[in-house]
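In what follows, a structure is listed as structure tokens, so that the remarks can point back to it.
Number of protein chains: 2
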Amino acid sequence: MSLTVVGSVALDSVKTPYGSVEKAFGGSATYASISSSYFTTPHIVGVVGNDYYNKFLELLSKRNVVTDGLISENGETFQWEGEYKDDMNDAITHDTRLNVFANFKPVIPEGYHKNNIVFLGNISPSLQLDVLKQSKQVKIKAADTMNFWISNSPKEIWKVVKNVNILFVNHHETLMLCEEQNINRAAAKLLATGLDYLIIKKGEFGVTLYSKNQIFCAPAYPLSNVMDPTGAGDCFAGGFLGYLSENMPVDFKKLKKACLYGTAMASFNIENFSVNNMLKINREKIEKRYNDLIRLCDTGDIK
Amino acid sequence: MSLTVVGSVALDSVKTPYGSVEKAFGGSATYASISSSYFTTPHIVGVVGNDYYNKFLELLSKRNVVTDGLISENGETFQWEGEYKDDMNDAITHDTRLNVFANFKPVIPEGYHKNNIVFLGNISPSLQLDVLKQSKQVKIKAADTMNFWISNSPKEIWKVVKNVNILFVNHHETLMLCEEQNINRAAAKLLATGLDYLIIKKGEFGVTLYSKNQIFCAPAYPLSNVMDPTGAGDCFAGGFLGYLSENMPVDFKKLKKACLYGTAMASFNIENFSVNNMLKINREKIEKRYNDLIRLCDTGDIK
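Chain order of the listed sequences is Z and S. For the working numbering, count along the first sequence from 1 and bump the result up by 295. For the working numbering, count along the second sequence from 1 and bump the result up by 295.
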């Protein structure tokens, strides 16, 4: 089985205290599809300008990403320019040029309908709803979102939440979306909509997985050098859903495993700019970090 | 065996979005000794004004705290007035009146010298060093500190770090003390001084325990209602060291257990103002939360 990934393809110009890149490949669909490619066959849906189409196809072919749903439009690829200061937790956006992304209308190709999971990366919730309409037969629908959409389209996000099985969302964005100060009350509000699983991303503090009646807290991988946090959340989602896609049906134990695989993938990504590290790793390295993560929070020996 | 607790005794006036208290018992020695009393016999060292001496003795007698090292001075007890706004993570100090605490010179009574652990609560690092001189024969020396001392007496804190076995410190204060942006590099700096164990407290994100070659990440207990976070760190330290004191010698497995007991104690404390909740609990309730915490991060089933 395999995974449909819908999201942005961007050229990111990023500056951090540890260096910078200019017009390097980024975007939620890019990170999520490359990350998931270590577990399953990702099928991307997105738009690229004709300025970078061939280069992007070349990049994705290295990871065997299916690109039938990737369209090229006349014009420039979506560009984002941002900076991370010392604490590396919040990006400061200097410039956003939507370019060909402004008119993006995702269309799921016929050949993708056999995929068992669809991931709605960080795009407008109205586009996410549009993809959901095209994905009725998909077993698991998962979505990510961010503060920009929470501020501008909260009603649409709640519609998305009610129509997906899995939601990925940052800690502070969860509080914002739910208008709560307490994260557990916020989680309860989201789960009350019918959502099956909620994954709250806490950056260097790991992730918390909530189901209706269980919670699992996974730590972040302890890194001494973080170069660029861009795409960490999408690499998490890619690893998480890539693993699940090949290990259906879902149960809580598999979701816990998925959390640790997602965490491992995010950790590789932030050690370098753009997708540089994500092209260099292998399954052996991933398994090593997965096992390290298991040890980091193992309570099996103190039961 | 048992525990010596040195620290402040205060009358706290605290306001949070969920209520307020006036001149309620607080202070690092108060919270740590009451918390540890569920595991061992705490021996307190501190100073109280004659305005509240009898009331305080009465309070501690409920938890069988040994008070030979508690002195009463003519004058008023140390008073702190603070407030927590919505996010409940940072206290805003409105007023601090040291009163009798201004001239506090901790003296460890002869009868405390059999105790196997000494906890240096949040007092000036020069006083902590003074207690360490009086505690040469104690097996385990543990200290806590905070931003005020890091800003004002960083050299003295590093001396404390070099002379204790266990350090408890908040996430942001660790970065501040080590002049680092990355928590794992900061932890490595602290451990390089010869410190055996470092416990980084991350509030609602749990704690991380570091030894020279192992890390354990413990989640916070997931509460939907936090009323007053004052004293959480001291209740953590009290539970942690109280458990260890009765379970010597120390190994990493016992330190992991200590982390979860400390976490359980902190969780009870923040559900109510002052030490209100800490007087109402029992070992059964503690064990229940301990077992919940084990399940929260258990990876034994996905190895």
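No residue lacks a Cβ here, since even glycine has one placed at the ideal position from N, Cα and C.
query                                                                                                                                               : result
Taking the alpha-carbon positions, what's the Z/Asp-363 to S/Asn-442 distance?                                                                      : 56 Å
Report yes or no: is there a C-beta of chain Z within less than 8 Å of the C-beta of S/Glu-499?                                                     : yes
Does the beta carbon of Z/Gly-596 sit closer than 8 Å to a beta carbon anywhere in chain S?                                                         : It should be noted that the sequence gives Asp, not Gly, for residue 596 of chain Z. Yes, contact with chain S.
What does S/Lys-310 touch in chain Z if you count any residue whose Cβ is under 9 Å from its own?                                                   : Neighbours of S/Lys-310 on chain Z: none; closest Cβ ~15 Å, over 9 Å.
On the three-pair Cβ rule with 8 Å, is the region 296-303 of chain S touching the region 333-346 of chain S?                                        : yes
When burial is assigned at 16 or more other CB atoms within 10 Å of the CB, is S/Asn-394 buried or exposed?                                         : buried
Strictly below 8 Å CB to CB, what residues from chain Z border S/Arg-584?                                                                           : What S/Arg-584 touches in chain Z: nothing, since even the nearest Cβ is about 13 Å away.
Closest by CA to S/Leu-427, which one among S/Ser-308, S/Ser-446, S/Lys-400?                                                                        : S/Lys-400
State the DSSP-derived secondary structure class of Z/Phe-414, mapped to helix, strand or coil.                                                     : strand
Leaving out five residues before and five after S/Thr-488 in sequence, what residues of the same chain have Cβ atoms less than 8 Å from its Cβ?     : Trp-453, Val-456, Lys-457
Can you find a C-beta in chain Z that's less than 8 Å from the C-beta of S/Arg-480?                                                                 : yes
If you drop the 5 nearest sequence neighbours on each side, which residues of the same chain put their C-beta closer than 8 Å to that of Z/Lys-484? : Cys-473, Glu-475
Taking C-alpha atoms, which residue in S/Lys-583, S/Lys-598, S/Asn-577, S/Glu-405 lies nearest to Z/Asn-586?                                        : S/Lys-598
Measuring CA to CA, which of Z/Ile-387, Z/Asp-425, Z/Asn-369, Z/Asp-529 is closest to Z/Ser-323?                                                    : Z/Asp-529
Could you run through the region 556-583 of chain Z and flag, in chain order, every residue whose CB is less than 7 Å away from some CB of chain S? : none
Using DSSP with H/G/I as helix, E/B as strand and the rest coil, what is S/Phe-396?                                                                 : helix
Below 8 Å on the Cβ atoms is my guess for S/Thr-594 versus Z/Asp-593; work out the distance and round it to an integer in Å.                        : 5 Å
Could you work out which residue in Z/Lys-549, Z/Pro-524, Z/Phe-373 is closest to Z/Pro-312 when comparing CA atoms only?                           : Z/Pro-524
In the DSSP assignment, find the beta strand (DSSP E) that holds Z/Gln-374 and state where it starts and stops.                                     : 373-379
Below 8 Å between beta carbons: does that hold for Z/Val-343 and Z/Val-402?                                                                         : no
What's the call for S/Ser-562, buried or exposed, on a 16-neighbour Cβ count within 10 Å?                                                           : buried
Just how far apart, CA to CA, sit S/Ser-419 and S/Val-464?                                                                                          : 14 Å
Would you say S/Val-521 faces chain Z, with C-beta separation under 8 Å as the test?                                                                : yes
Between S/Met-383 and chain Z, is any beta-carbon pair separated by less than 8 Å?                                                                  : yes
When you check each C-beta in the region 297-308 of chain Z against every C-beta of chain S, which residues fall closer than 8 Å?                   : none
So for S/Tyr-516, helix, strand or coil by DSSP?                                                                                                    : coil
Using the beta-carbon of each residue, which ones in chain S are nearer than 8 Å to Z/Pro-524?                                                      : Correct list: empty, because the minimum Cβ distance to chain S is about 12 Å.
Along the beta strand (DSSP E) that carries S/Tyr-492, what are the first and last residues, could you check?                                       : 492-496
Is there a Cβ from chain S that is less than 8 Å from the Cβ of Z/Phe-373?                                                                          : no
Within 8 Å (strictly less), CB to CB, does Z/Phe-535 reach chain S?                                                                                 : no
Can we say the region 508-524 of chain Z touches the region 576-590 of chain Z, given the rule of at least three CB pairs closer than 8 Å?          : yes
Is any beta-carbon of chain S found at less than 8 Å from that of Z/Asn-447?                                                                        : no
Strictly by DSSP, which residues pair up with S/Tyr-505?                                                                                            : S/Leu-493, S/Ile-510
Within the continuous alpha helix (DSSP H) that includes Z/Phe-334, where are the two ends?                                                         : It is not in any alpha helix (DSSP H) - Z/Phe-334 carries neither H nor E in the DSSP assignment.
What number of angstroms, rounded off, separates the C-alpha of Z/Lys-551 from the C-alpha of Z/Asn-349?                                            : 38 Å
When the Cα atoms are used, what is the spatial distance from S/Arg-578 to S/Val-361?                                                               : 20 Å
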